[in-house]
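Asks:
Protein chains: 2
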Amino acid sequence: MNPTIKDVAKMANVSIATVSLVVHNHKRISQETKDKVLSAIEQLNYHPSHSARGLVRRNSGNVGFILTDDHFLRTEPFYTHIFIGSEFEAHENELYVLLTTINSDYNINNKLPRFILERNVDGLIIAGKVPSPFIDQLSKYSFPIIFVDYLPNTNKYSGVMIDNVKGGELATEHLIRCGNNVIAFIGGDIEHPSIRDRFNGYKNSIEKAGLNVNNEIIDYTEDYPGRPNGYNAAERLFSRSKNITAIFACNDAMAVGAMQYMKDNGIRIPYDCSIIGFDDVVSDNAIDPALSTIRVPKMEMGTEAMKLMAQMIKNNSKECRRVLLPVDLIVRDSTKRI
Amino acid sequence: MNPTIKDVAKMANVSIATVSLVVHNHKRISQETKDKVLSAIEQLNYHPSHSARGLVRRNSGNVGFILTDDHFLRTEPFYTHIFIGSEFEAHENELYVLLTTINSDYNINNKLPRFILERNVDGLIIAGKVPSPFIDQLSKYSFPIIFVDYLPNTNKYSGVMIDNVKGGELATEHLIRCGNNVIAFIGGDIEHPSIRDRFNGYKNSIEKAGLNVNNEIIDYTEDYPGRPNGYNAAERLFSRSKNITAIFACNDAMAVGAMQYMKDNGIRIPYDCSIIGFDDVVSDNAIDPALSTIRVPKMEMGTEAMKLMAQMIKNNSKECRRVLLPVDLIVRDSTKRI
DNA sequence: AGCAATTAGTTAAACGTTTAACTTATAATT
DNA sequence: AATTATAAGTTAAACGTTTAACTAATTGCT
């Protein structure tokens, strides 16, 4: 049986209230008593019962972490890094993380995750784009919600985002500095705020450099921005225009797909065509040449989200707060000065 | 405020004990009363408090899920699938899953995950190989532990495994049936039980076919069995022997690495050399040709582990139980009849 | 010296369940 | 009719904390 507060109290010859006060290091307790109690706690290896605490505090000590299954299961461990960041920061705040996935085609008839129905979380972190019917369902609950890497259009939610526009600019500027002047863009669903922002960054830089934004070398579809999509996008692109010298892909997965197309069709990277991705999730040598990209601070997004969450829980605040994290240009071998 | 059992009792005009009995669908309650209570529960959207329940039942309702960070963050979402399986099955058993990673170089001075120290889990699922100092630390705790995809050498632990020997045999037999008679093996750390079993399956089939096991075309190292390792292994292999017509890689990641080496060196797959992997984790078209492999029922491993866990928790049993899941041969385009 | 203020601790109620032990009403058996 | 058995519910204690309200001892102030 685990030691309880009573065991500690008995051992230290004080009341259980005193033990509790020491645990919360309340000022009312003298140093002498504190030492006595602390030593008993140490000896017994006492840890307060999560359940008992949750019962009287009327909270759970848990934070739900939700993402869609296709995001979680994709090849590039983007969201996995975000989760790890959250989990890490949760330790610092004495919180536990309950991870669950929802269907990417969640609809109004689907059940909400069990920890929401049973109100066994004090807050929710939602990573990546989730179906809007899911978000709608959440409105009846009053716990804080923090979005990471995706923010619904309504401006009532807190979120941790990266500077996608800036990232798009950095990538495009880099390609321009390398001497390219026919720079294509490939993206998935342009309705996705992140992709749209990256595209806007692309446009900004193209225009700033005095080049013209040419729809013929801009390709996006509604499909999931993964490798197959990148492959197909590159195929369409090169069938429309032969003189493309560089591609900015909205993420690394699409970039890798596009690279595969180029390899299959004798287009040498970066000699015939440079390519840059976004996210910095492929670092292994099976991708050749190494992909230049925009680094996204994935773990940091997770930690920032959990920090925000811990604050909101502690202050019982519902105010909407936003964090914007910077991105960096990472130059590897897939982009080359002409 | 969330509705409590009292609210339900008041609404249904019964005692709280009756509500509790209905929730547990105890036979002592008449159908009539049951209906009344159930309808009140429905109307109020009542869910029992996890904390209150945990307090009296002296359990947490949580299961810890542990793996090393490099396993979790690897490119192929192998363990992610296992986790999802566990999480799914946890729902069926009214359990929550607390996921956390440990360092792959965990040592005796590292702290155990918080949920273990605070005894906030009723059991532990450990996925993949973990450092043995970690396992040693666990011995002071008495909750059930289930290993998945890795079982320490001592035979005191419960586990869910796949038939690695059989998988090795299936893969090798397939290559033999395709007409190959110089079949190489590449693997990572041969001390890893799964890799050793796969290798043993390979040997079984080679011998059974009357071929000889040739150390020159067998390559393993102590390194992590990822893509870079596969690349290097292929390099060593082809520098030692030119007439290899097929490779069995101990997993898909190493196979992909080896494929990259072959592509870089003009070895056409499968015309010059066939290759088969293990795990079935790469299904995207950026890997070309599509990789033949041994399918591992990843989600099922997760669900089976959680089923076992739920039983052990329910029966308060500590007996050692094992589940062995079968694997399948998946023929794609990287292996070809000569 | 007499009173107020401060310090250091204790008491006891509350949080929302579960469940053994009890009660009461009805049915079955002698 | 008296006794026993069964059915259907209720009572109350317990689980391990937190914290407001209280007490008692000491110190400070006039």
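As given, the protein sequences belong to chains A and B, one line each in that order.
Residue numbers for the first sequence follow this note's numbering, beginning at 331 and rising by one.
Residue numbers for the second sequence follow this note's numbering, beginning at 331 and rising by one.
For glycine and all other residues, C-beta sits at the position ideal for the given N, C-alpha and C.
Remember, it's a predicted structure, so these values are computed and weren't measured experimentally.
For V460 (chain B), which three-state DSSP category applies?
Replies: V460 (chain B): coil per DSSP, three-state reduction.
Asks: May I ask you to report which of helix, strand or coil DSSP gives F473 (chain A)?
Replies: In the structure shown, F473 (chain A) sits in coil (DSSP, three-state: anything other than H, G, I, E or B).
Asks: Which stretch, first to last residue, makes up the alpha helix (DSSP H) that contains D549 (chain A)?
Replies: D549 (chain A) -> not in any alpha helix (DSSP H); beta strand (DSSP E) instead, spanning 548 to 550.
Asks: With H, G and I counted as helix, E and B as strand and the rest as coil, what does DSSP make of R387 (chain B)?
Replies: Note: R387 (chain B) maps to helix in three-state DSSP.
Asks: Buried or exposed: M584 (chain B), going by 16 or more other Cβ atoms within 10 Å of its Cβ?
Replies: It counts as buried.
Asks: Please go through the stretch 508 to 557 of chain A and give each complete alpha helix (DSSP H) segment of 4 or more residues, from N-terminal end onward.
Replies: 523 to 538, all fully within the stretch 508 to 557 of chain A.
Asks: If we count the other Cβ atoms within 10 Å of its Cβ and call it buried at 16 or more, is E419 (chain A) buried or exposed?
Replies: Buried: at least 16 other Cβ atoms inside 10 Å.
Asks: Does any residue of chain B have a CB that is nearer than 8 Å to the CB of A382 (chain A)?
Replies: It does; some Cβ of chain B falls within 8 Å.
Asks: Does the distance from the CB of D553 (chain B) to the CB of N559 (chain B) come in under 8 Å?
Replies: A contact, by the Cβ cut-off of 8 Å.
Asks: Using a cut-off of 9 Å between C-beta atoms, extract the partners of V407 (chain B) located in chain A.
Replies: The amino acid occupying residue 407 (chain B) in the given sequence is Pro; Val does not appear at that position. Within 9 Å Cβ-Cβ: F402, L403, R404, T405, P407, T410.
Asks: If you drop the 5 nearest sequence neighbours on each side, which residues of the same chain put their C-beta closer than 6 Å to that of P461 (chain A)?
Replies: The answer, listed in chain order, is Y436.
Asks: Thinking T410 (chain A) and F445 (chain B) are a contact (beta carbons under 8 Å), I'd like their distance in whole angstroms, please.
Replies: Between F445 (chain B) and T410 (chain A) the Cβ distance is about 19 Å, and since that is not below 8 Å, they are no contact.
Asks: Could you check how far apart the C-beta atoms of D602 (chain B) and D582 (chain B) are, in whole angstroms? I think they sit under 8 Å.
Replies: In fact, because the Cβ distance is near 20 Å, the residues do not count as touching under 8 Å.
Asks: D658 (chain A) and I624 (chain A): beta carbons closer than 8 Å?
Replies: Yes, Cβ-Cβ distance for D658 (chain A) and I624 (chain A) is below 8 Å.
Asks: Taking the straight line between their C-alpha atoms, what separation do you get for R315 (chain A) and N510 (chain B)?
Replies: This structure cannot speak to residue 315 (chain A), because chain A is shown only from 331 to 668.
Asks: Measuring straight from C-alpha to C-alpha, what distance separates D452 (chain B) and L428 (chain A)?
Replies: Roughly 15 Å separates the two Cα atoms.
Asks: May I have the straight-line CA-CA distance separating S369 (chain B) from N332 (chain A), to the nearest angstrom?
Replies: Straight-line Cα distance between these residues: approximately 39 Å.
Asks: Let me check understanding here. Comparing Cα to Cα, which of B:K470, B:L442, B:I476 lies closest to I643 (chain B)?
Replies: Nearest of B:K470, B:L442, B:I476 to I643 (chain B), Cα basis: B:I476.
Asks: Pop quiz: N561 (chain A) and G518 (chain A) are said to be a contact at Cβ under 8 Å. What is the actual Cβ separation, rounded to whole angstroms?
Replies: The displayed chain sequence assigns Tyr, not Asn, to residue 561 (chain A). Not confirmed; about 13 Å, so no contact.
Asks: Starting from R651 (chain A) and walking both ways along the beta strand (DSSP E), at which residues does that stretch end?
Replies: Counting along the chain, R651 (chain A) falls outside any beta strand (DSSP E), and DSSP gives it neither H nor E.
Asks: Report back the beta-carbon spacing between L374 (chain A) and V490 (chain A) to the nearest angstrom; my notes put them in contact at under 8 Å.
Replies: The pair is not a contact, with the Cβ atoms about 40 Å apart (cut-off 8 Å).
Asks: Run through chain B and tell me which residues come within less than 8 Å of I414 (chain A), C-beta to C-beta.
Replies: Neighbours of I414 (chain A) on chain B, chain order: D399, F402, L403, T431.
Asks: Could you pull the start and end residues of the alpha helix (DSSP H) that V451 (chain B) belongs to?
Replies: Looking at the DSSP string, V451 (chain B) is not in any alpha helix (DSSP H), and its letter there is neither H nor E.
Asks: Give the DSSP-derived three-state secondary structure of I624 (chain B) in the structure shown.
Replies: Three-state result, I624 (chain B): strand.
Asks: Can you tell which of B:Y426, B:I412, B:K496 has its C-alpha closest to the C-alpha of I456 (chain B)?
Replies: Closest by alpha carbon: B:I412.
Asks: Identify every residue that forms a DSSP beta bridge with F578 (chain B).
Replies: DSSP, once it has assigned bridges, lists B:F515, B:I606 as partnering F578 (chain B).
Asks: Flag this pair as yes or no: are the beta carbons of A576 (chain A) and I516 (chain A) separated by less than 8 Å?
Replies: Cβ distance not < 8 Å, so A576 (chain A) and I516 (chain A) don't count as in contact.
Asks: Identify whether M491 (chain A) lies in helix, strand or coil by the three-state DSSP scheme.
Replies: M491 (chain A) falls in the strand class under three-state DSSP.
Asks: Ordered along the chain, which non-local residues of its own chain (more than five positions away) have a Cβ less than 8 Å from that of T665 (chain A)?
Replies: Closer than 8 Å at Cβ, skipping near neighbours: H504, L505, C508, A576, P600, S604, I605, I606, S622.
Asks: With distance defined between alpha-carbon atoms, name the residue in A:K628, A:L468, A:Y376 nearest to L447 (chain B).
Replies: The candidate whose alpha carbon is nearest that of L447 (chain B) is A:Y376.
Asks: Less than 8 Å separating the beta-carbons of G531 (chain B) and K496 (chain B)?
Replies: Cβ atoms of G531 (chain B) and K496 (chain B): closer than 8 Å.
Asks: Residues of the stretch 564 to 596 of chain A in Cβ contact with chain B at a cutoff of 9 Å, in chain order, please.
Replies: Listed in sequence order: A583, V586, G587, M589, Q590, K593, D594.
Asks: May I ask you to list the residues that DSSP assigns as paired with T484 (chain A)?
Replies: In the DSSP output, where bridge partners are listed per residue, T484 (chain A) has none listed.
Asks: Among A:R557, A:E537, A:I492, which residue has its Cα nearest to the Cα of L655 (chain A)?
Replies: The candidate whose alpha carbon is nearest that of L655 (chain A) is A:I492.
Asks: Figure out for me which residue from A:I465, A:K470, A:N494 has the closest Cα to the Cα of T484 (chain A).
Replies: It is A:I465.
Asks: Name the chain A residues whose beta carbon is nearer than 9 Å to that of F445 (chain B)?
Replies: Going along chain A in sequence order, the residues near F445 (chain B) (Cβ under 9 Å) are H380, Y426.
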